[in-house]
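Everything on this sheet refers to the single structure shown next.
There are 2 protein chains.
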Amino acid sequence: MSVTIKDVAKRAGVSPSTVSRVLSNNSRISRETSQKVRDVMKELGYHPNMTAKSLVSKTSSSICVILPKPAEELFLNLFFMELIRGIVTQANRSGYDVLISSGGSEKEEVEAVSRLLNGKRVDGAILLYSRKEDPVVDFLRQNGHPFVLIGRSEKYPDILSVDNDNVQAAYDATKHLISLGHRRIGFVSGPPNHIVSRDRLKGYRNALEEAGLETRKDWIVEGEFLQESGYRAMSFFMNLPERPTALVVMDDLVSLGVLRGLHELGYRVPDDLCIVSFNNISISELSTPPISSMDIGIYNLGYTASQALIQSIQHDGDRQFQKRHIIPHRLVIRESSIFTPSKPS
Amino acid sequence: MSVTIKDVAKRAGVSPSTVSRVLSNNSRISRETSQKVRDVMKELGYHPNMTAKSLVSKTSSSICVILPKPAEELFLNLFFMELIRGIVTQANRSGYDVLISSGGSEKEEVEAVSRLLNGKRVDGAILLYSRKEDPVVDFLRQNGHPFVLIGRSEKYPDILSVDNDNVQAAYDATKHLISLGHRRIGFVSGPPNHIVSRDRLKGYRNALEEAGLETRKDWIVEGEFLQESGYRAMSFFMNLPERPTALVVMDDLVSLGVLRGLHELGYRVPDDLCIVSFNNISISELSTPPISSMDIGIYNLGYTASQALIQSIQHDGDRQFQKRHIIPHRLVIRESSIFTPSKPS
DNA sequence: CCTCCCTGTGGAACCGTTTGCACTATATGC
DNA sequence: GCATATAGTGCAAACGGTTCCACAGGGAGG
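Here the protein sequences come in this chain order: A and B.
FYI, the numbering for the first sequence is 1 to 345, going by full-length UniProt numbering.
FYI, the numbering for the second sequence is 1 to 345, going by full-length UniProt numbering.
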């Protein structure tokens with residue numbers, strides 16, 4: 001069917017090994033032979049069979065990205081796309097292909113990963129935000145497969161991972177509001193079992209404490225990474241006898257819910273409530289008004305994860321590489337937080 | 001290193017061929033042998049090597065998705081993620097893996113595709129919105145590789161493709177505005193070299209014509225699939241001596257730009273201007289106000305494309321399968337188009 | 001009782017590469 | 001002039017499966 005290395009060899013009057021060596025730029029091949037073989041390859045339209053190459057080299061030059069089960073959630077879309085862009089770009093640059101696997105149940109997820117890794121279809125995996133108890137992480141660890149976590153694992157702190165300094169990021173976000181003169185600052189958190197929620201809450205608390213402001217339990221609301229959570233948090237806050245004048249929100253989509261609710265009730269942002277949120281996905285720029293958001297370098301997270309993984313694959317087991325990569329964050333200030341509250345605190 | 005079919009064979013006291021037959025549920029294997037072999041496989045932790053399997057079967061059980069070069073554009077993000085979700089879900093269901101390839105230059109794109117298809121790493125490809133002149137399409141066609149286009153090709157109408165009836169969809173969207181009583185309806189188009197732009201423009205014209213309304217050149221504005229285009233279109237329209245009372249907009253993101261501009265100038269939607277747009281990505285639901293949008297079933301587009309491709313791979317060359325799949329559309333009416341204009345037309 | 005068929009299994013070739021080893025010239029050092 | 005290094009190439013054995021063909025043994029049919 002397709003033209004193989006043997007066909008080329010025959011046509012060029014050399015042995016298959018010679019053709020193979022030409023392909024890998026082996027230095028022992030003479031100029032003329034090399035040129036002749038290359039000409040024949042062009043002439044016959046030869047393309048190396050990756051599968052055969054993989055079989056003998058025991059590597060596939062591909063990695064996979066494991067999407068967590070609830071990839072359906074809206075919020076995740078933009079976030080993931082950006083992440084994947086970063087991953088794919090870097091991987092391709094290093095000569096790797098990227099395979100996307102979206103999990104069903106946790107069990108199916110492990111099976112899929114097992115098929116891919118144990119079946120040698122891919123050389124390593126990137127996991128997006130592991131859960132506190134993640135069977136996939138356990139599996140990969142036990143079988144000694146190269147993988148990198150985007151986020152971090154509390155269970156195994158030595159795991160190769162790429163993350164933000166979320167404590168510092170939340171501290172910075174809160175500090176920004178404080179520096180505008182806000183004294184009553186609320187926090188809209190994500191699910192409490194997500195490490196990122198806890199980290200950011202901690203940063204928020206640190207900032208308040210440092211400024212000598214009290215942390216009020218009733219100014220901290222938990223929710224999902226969904227618009228509705230923002231909506232609910234908003235109505236909760238606005239019904240308090242003593243309301244915050246500013247909010248730190250875990251995610252842009254949640255902020256959008258807050259915004260929506262405020263708009264319905266006739267409140268104005270930033271005049272009635274200032275908002276700073278996280279992730280800086282495009283939505284935050286496009287909303288009315290645009291939302292100040294902590295850019296966590298999503299593309300960069302993906303890019304770095306891919307790089308770290310491939311490095312770890314290529315220098316198998318070599319412990320000299322950095323285990324934990326921190327991607328810098330940067331506050332992007334927009335209309336939602338340009339207001340200085342009046343003093344009657 | 002890893003345990004192979006031979007190890008299993010040895011341990012179970014059978015030949016490698018027998019083990020292979022057990023793996024493929026060959027009916028000629030006796031119950032007992034089969035069970036014994038399976039036990040040994042469990043015991044040794046055997047996992048079939050996909051690469052070896054691919055080599056002999058000459059299929060990879062994977063497909064690839066080719067992202068067009070300007071995947072950087074914001075708008076595309078949500079759209080693509082949704083598409084990819086559909087593709088991956090269906091592919092996995094059919095036992096296929098999905099590989100993502102993002103192009104650089106057109107030349108690099110062709111090279112990448114060639115490497116994947118000619119190199120037998122994947123069995124087929126899904127292309128997202130081909131350009132009018134698409135070297136990748138040409139390449140795939142010439143080499144006889146299975147592929148499906150999301151969108152349609154004017155150059156090769158016989159190509160396997162999945163698309164919407166964009167003429168009809170635009171007709172429906174426009175009709176909706178007309179039925180609300182609007183007589184002066186503008187159109188914000190995408191790049192004129194995109195087939196989808198032309199199709200939708202046509203549908204818009206059809207609806208106007210049918211209603212006995214004149215199509216005014218100055219009420220049709222071209223732009224990119226970007227927020228800025230919407231912003232510019234809006235200021236153009238609002239500066240006209242005679243302004244439209246409603247707009248049909250090619251894409252949700254563009255609508256967001258329109259919305260943004262109107263808000264800045266103090267106009268209100270839908271009171272001052274009604275908007276119906278296309279794609280119904282989550283943004284349209286989350287904006288202030290929410291935008292009426294033509295849902296084109298993005299997930300479904302991806303899902304169907306994947307299905308069609310795999311069918312075409314498995315029944316190679318069989319022409320009995322449908323060449324052109326049309327995904328139904330559905331108008332989702334939201335606040336941006338619930339206003340009936342006053343009569344002074 | 002002999003042939004034929006059927007079931008269950010093993011042997012070996014093959015898929016398209018890579019690579020260690022062997023081999024032939026030619027060049028080098030002494 | 002002879003041992004030795006070196007460049008350039010071929011042979012054959014992997015890599016881990018699948019599958020065609022052969023073959024043994026037992027039951028059925030004549």
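Here a beta-carbon is modelled for each residue, glycine too, at the ideal position from N, C-alpha and C.
For Q227/B, the chain A residues whose Cβ falls inside 7 Å of its Cβ are L286, in order along the chain.
Here M250/A carries a coil assignment [DSSP, helix/strand/coil]. Scanning the stretch 272 to 299 of chain A from its first residue to its last, the whole beta strand (DSSP E) runs of 3-plus residues come out as 274 to 278 and 292 to 295. Within the stretch 217 to 262 of chain A, the complete beta strand (DSSP E) runs of at least 3 residues fall at 246 to 249. In terms of beta-carbon proximity, P16/B stays away from the interface with chain A, with every pair separated by 9 Å or more. Between D158/A and the set H325/A, S336/A, R330/A and F278/A, the nearest pair of CA atoms involves H325/A. The continuous beta strand (DSSP E) containing F147/B extends over residues F147 to I150. Selection E264/A, V254/A, P270/A and E224/A evaluated against P244/A yields P270/A as nearest (Cα-Cα).
Taking every protein chain shown into account, the CB of S57/B has fewer than 16 other CB atoms within 10 angstroms, so this residue is exposed.
When 8 Å is used as the limit between beta carbons, R260/A is near these residues of chain B: L286 and T288, in chain order. In the three-state scheme derived from DSSP, where H, G and I count as helix and E and B as strand, I333/A is classed as coil. Taking C-alpha positions only, V332/B is separated from M294/B by approximately 6 Å.
Scanning the UniProt domain "HTH cro/C1-type" (4 to 47) of chain B from its first residue to its last, the whole alpha helix (DSSP H) runs of 4-plus residues come out as 5 to 12, 16 to 23 and 31 to 44.
Given a length threshold of 4 residues, each whole run of the alpha helix (DSSP H) inside the stretch 147 to 185 of chain B is given here in chain order: 166 to 179.
The shortest C-alpha to C-alpha distance from Q314/A to any of R21/A, S34/A, L226/A and T59/A is the one to T59/A. Partner residues in the beta bridge of F187/B, as assigned by DSSP, are I220/B and V248/B. Between S189/B and M250/B, the C-beta gap is smaller than 9 Å, which places the two residues in contact.
Going by beta carbons, I87/B and I29/B fall outside the 9 Å limit. Annotation for S62/A: the continuous beta strand (DSSP E) segment containing it runs S62 to L67. By the Cβ-count criterion, Q227/B is buried, with 16 or more other Cβ atoms from all chains shown falling within 10 Å of its own Cβ.
Here DSSP, grouped into helix, strand and coil, assigns A112/B to helix. Between L301/A and I281/A the beta-carbon gap is near 13 Å, outside 8 Å, which marks them as no contact.
If you draw a straight line from the Cα of M234/B to the Cα of A173/B, it comes to about 19 Å. Taking 9 Å as the threshold, the shortest C-beta distance from H263/B to chain A falls below it. Taking 9 Å as the CB threshold, M238/B stays off the interface with chain A. Secondary structure of I310/B (DSSP, three-state): helix. Here the C-alpha atom of R205/B lies approximately 40 Å from the C-alpha atom of L99/B.
For G103/A, the number of other beta carbons within 10 angstroms of its own is at least 16, and it is reported as buried. The beta-bridge partner set that DSSP reports for D97/A consists of S62/A.
Beta-bridge partners of R324/A (DSSP): S161/A.
Approximately 5 Å separates the beta-carbon atoms of L247/B and I275/B; this is inside 8 Å, confirming the contact. With 16 or more neighbouring CB atoms inside 10 Å of its own CB, L160/B falls in the buried class. If you look at G124/A, you'll find it in the beta strand (DSSP E) that goes G124 to L128. With respect to I66/B, V19/B sits apart: the two C-beta atoms are not nearer than 9 Å.
Secondary structure at S102/A: strand, using DSSP grouped into helix, strand and coil.
By the criterion of a C-beta distance shorter than 6 Å, N166/B is surrounded in its chain by V196, D199 and R200, once the five residues flanking it on both sides are discounted.
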